């Protein structure tokens, strides 16, 4: 059967047409097929290799090989070559070493074999290799070599090698592009927020964080112990930067030094590539059989991270997180510290950026090159904003630290690293749990006081800047949804970190977790508006779809190799197209936010009326502003009259100069017991009632003796909604409107 007429040929041709320019080096277009690892493919194989490097160049028909191995086969043999791609056998040939003139193999003798030579293959043999094999990225192909005894006719040894053509979808340009776009989008949301476009900033930030979460979900797929098709492993490698898996030379030196100085023993896998065979676990229909076959070899799984004493039989099998680290050229014992150090570097750069931006703004204002009202909220309360940013960074780095820290518990690279992992992950869990409970307490208090959770959550600028990262992306009535999100991230991360011994367990857990979370998001639609809900539901759907792919890659269904190969290509195509769509939408939203004069017009007003509660700390200088402050229950002085914090709050003290809320009722009365002053007399009704007469519905205040109550402003036309449940039917209270209570 001609490969070009098979369904596989058409599929690969279509796939290659989509990305014809993908290359390993970017400019090197030389055609080559090579392999650098060898493993056995039968039990009791009489041949094993510690070094295996083979390369075939079709342009000059040269096969170059460098093999160091040990054999127990003796006598004359024949060799059967079987080349398969995506589960289909595409090339078979039987060779006689004596006829080929291969010295050392005719006859074979027991002992060590050293082969370092090259041969020229016949033109008719080279012509049988389809041209697509040299161009399709991440070729899923392998060659099996059976050594048969001429005396018995039985196979006495079997080895196989994974083949690659040097083309891959694992491209640094892709990683840098998606990272830069995500970073620019976050920067854009911060700038637009400082300029006062709160709705635009909230939408851009929410979508960017969702995009970042999708990138982390892709990287988690690559970190599972499931034997992935080569194209899937390469595609997910593009997103490992989101987990801090980035190789920088001096950071590797720091990590190695720290481990040695704290009693650990660094691995030497990367430094011993010339003396050992490294096999990166890939998809195989006969995974179990191969694992059993390796029992005849001295197999180093690196669980205790010990080194072999006999280099002639050393083989390393990498899977899961170790596979990701090896592909990033990071020593296996440096993976945890690499991710940890990069998170610290990211935090330090963000803090320095905020401080530098603060001084730049102040300098420009003093020089008269920037208006005094530009970024005034940020300049007046920049320390509170910085605290909120740090909390956001904790949330962004949470999946990364859950995976790396819990994984470090199983590896124990050094005692100090284990202590560091314990302190970091449980501190982050504690911070996010405490902050989530803080948001829930504030929202419940707001419902109790104003029948609307949005009032306190959005009317207090300090609370909004510090805790808003946990609830701004959700509608007001779904303020609690950050708890399911954190639980979802924690469960996934723990299964990745602690389930490295069973890829099947990880795949089943992923399927259940993604299915449950997808259903919850579809039913509750917790995000701030329809577009944001659609954005996140689409991401949840693709995460669920990827978990289905992952389950098939485990091989538990015993499907033909072609099915898994095709599914690997589909995984890449679907996720590449979806990622491109997400990136384009983020770029469009960011460009609109930067270049539009009033970007908030692009977004519909929130149904929870959060915009009416959000206020600035700048001076209220008009009667309408003062009237709005009175309606919100504020005093003069911006944030000073708006602090709504718990007494027991150790981290919630304001960083500005306003006095902190006291722990007794008298201090609370000083803030809420007095009716806010305003140029407008609160005793005069301001809003017309149904009968045409004016009415006024003031908010509630805290009475020193009786708790929460409304001011004694009575009107026989329309009683205060807080004092009388007889609210006219069909007219929602201003404090309830848009929050899901109407």
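Residue numbers (mature numbering (1 follows the signal peptide of the UniProt record, and there is no 0)): -24 to -1, 1 to 718. Backbone N, C-alpha and C fix where the C-beta goes; we use that ideal spot for every residue, glycine too. Keep in mind it's a predicted model, so treat the numbers as computed, not measured.
Have a look at residue i and residue j and give me their C-alpha separation to the nearest angstrom.
| i | j | result |
| --- | --- | --- |
| residue 166 | residue 182 | 12 Å |
| residue 374 | residue 91 | 50 Å |
| residue 390 | residue 221 | 19 Å |
| residue 500 | residue 514 | 15 Å |
| residue 263 | residue 20 | Confidence at residue 263 is low in this model, with a pLDDT of 39, below 50, so its placement is unreliable and the value that follows should be read with caution. Roughly 16 Å between the two C-alpha positions. |
| residue 224 | residue 314 | 9 Å |
| residue 64 | residue 530 | 19 Å |
| residue 507 | residue 185 | 15 Å |
| residue 523 | residue 490 | 7 Å |
| residue 464 | residue 517 | 15 Å |
| residue 719 | residue 247 | Since the first and last residues shown for the chain are -24 and 718, residue 719 lies out of range. |
| residue 172 | residue 243 | 52 Å |
| residue 305 | residue 18 | 30 Å |
| residue 382 | residue 544 | 29 Å |
| residue 719 | residue 341 | The structure shown does not extend to residue 719, since the chain is modelled only from -24 through 718, so no value can be given for it. |
| residue 148 | residue 162 | 21 Å |
| residue 527 | residue 511 | 25 Å |
| residue 309 | residue 424 | 53 Å |
| residue 59 | residue 105 | 10 Å |
| residue 236 | residue 525 | 40 Å |
| residue 285 | residue 46 | Confidence is the limiting factor: at residue 285 the pLDDT is only 34, short of 50, which leaves the residue's position unreliable, though a coordinate-based value still follows. Whole-angstrom Cα-Cα distance: 16 Å. |
| residue 466 | residue 339 | 43 Å |
| residue 332 | residue 492 | 44 Å |
| residue 297 | residue 353 | 44 Å |
| residue 661 | residue 191 | Annotation note: pLDDT 39 at residue 661 (below 50); position unreliable, no value reported. |
| residue 479 | residue 576 | 46 Å |
Are the CB atoms of residue i and residue j nearer to each other than 8 Å?
| i | j | result |
| --- | --- | --- |
| residue 497 | residue 482 | no |
| residue 15 | residue 136 | yes |
| residue 768 | residue 39 | Here the chain covers residues -24 to 718 and nothing more, so residue 768 does not appear. |
| residue 303 | residue 334 | no |
| residue 85 | residue 50 | yes |
| residue 99 | residue 9 | no |
| residue 372 | residue 188 | yes |
| residue 61 | residue 117 | yes |
| residue 398 | residue 377 | no |
| residue 82 | residue 124 | no |
| residue 392 | residue 238 | yes |
| residue 456 | residue 495 | no |
| residue 419 | residue 433 | yes |
| residue 351 | residue 170 | yes |
Compare the C-alpha of residue i against each of the options and name the closest.
| i | options | result |
| --- | --- | --- |
| residue 107 | 378, 7, 49 and 23 | 7 |
| residue 22 | 48, 11, 12 and 13 | 48 |
| residue 214 | 150, 428, 13 and 247 | 150 |
| residue 293 | 575, 382, 476 and 98 | 476 |
| residue 519 | 82, 504, 555 and 157 | 555 |
| residue 325 | 365, 312, 338 and 384 | 365 |
| residue 459 | 453, 470, 468 and 446 | 446 |
| residue 157 | 344, 573, 558 and 145 | 558 |
| residue 211 | 551, 536, 310 and 527 | 551 |
| residue 80 | 102, 43, 104 and 320 | 43 |
| residue 295 | 322, 196 and 336 | 196 |
| residue 36 | 479, 97 and 168 | 97 |
| residue 502 | 105, 536 and 448 | 448 |
| residue 330 | 358, 351, 339 and 322 | 358 |
| residue 384 | 311, 160 and 579 | 311 |
| residue 548 | 13, 57, 12 and 145 | 145 |
| residue 394 | 405, 404 and 380 | 380 |
| residue 93 | 31, 143 and 142 | 31 |
| residue 538 | 66, 560 and 57 | 66 |
How many whole angstroms separate the CB atoms of residue i and residue j, which I take to be in contact at a CB cut-off of 8 Å?
| i | j | result |
| --- | --- | --- |
| residue 569 | residue 164 | 5 Å |
| residue 337 | residue 346 | 7 Å |
| residue 114 | residue 207 | 4 Å |
| residue 428 | residue 435 | Not really, about 10 Å apart at Cβ, beyond 8 Å. |
| residue 155 | residue 217 | 6 Å |
| residue 300 | residue 404 | No, residue 300 and residue 404 are not in contact; Cβ-Cβ is about 21 Å, not under 8 Å. |
Could you confirm whether any beta carbon from chain C is found closer than 8 Å to the beta carbon of residue i?
| i | result |
| --- | --- |
| residue 395 | Although the question refers to chain C, the structure presented lacks it and comprises just one protein chain. |
Segment contact, 8 Å Cβ cut-off, at least three pairs: the segment 225 to 241 with the segment 397 to 411: No, the segment 225 to 241 does not touch the segment 397 to 411.
The segment 130 to 149 contacting the segment 66 to 75, beta-carbon criterion three pairs below 8 Å: no
Decide yes or no for the touch test of the segment 433 to 440 against the segment 473 to 492: beta carbon pairs closer than 8 Å, at least 3 of them. The segment 433 to 440 makes no contact with the segment 473 to 492; the number of CB pairs closer than 8 Å stays below 3.
Between the segment 561 to 578 and the segment 162 to 179, are three or more C-beta pairs nearer than 8 Å? yes
Check whether the segment 201 to 209 touches the segment 373 to 388, taking contact to mean three or more Cβ pairs, one atom from each stretch, closer than 8 Å. no
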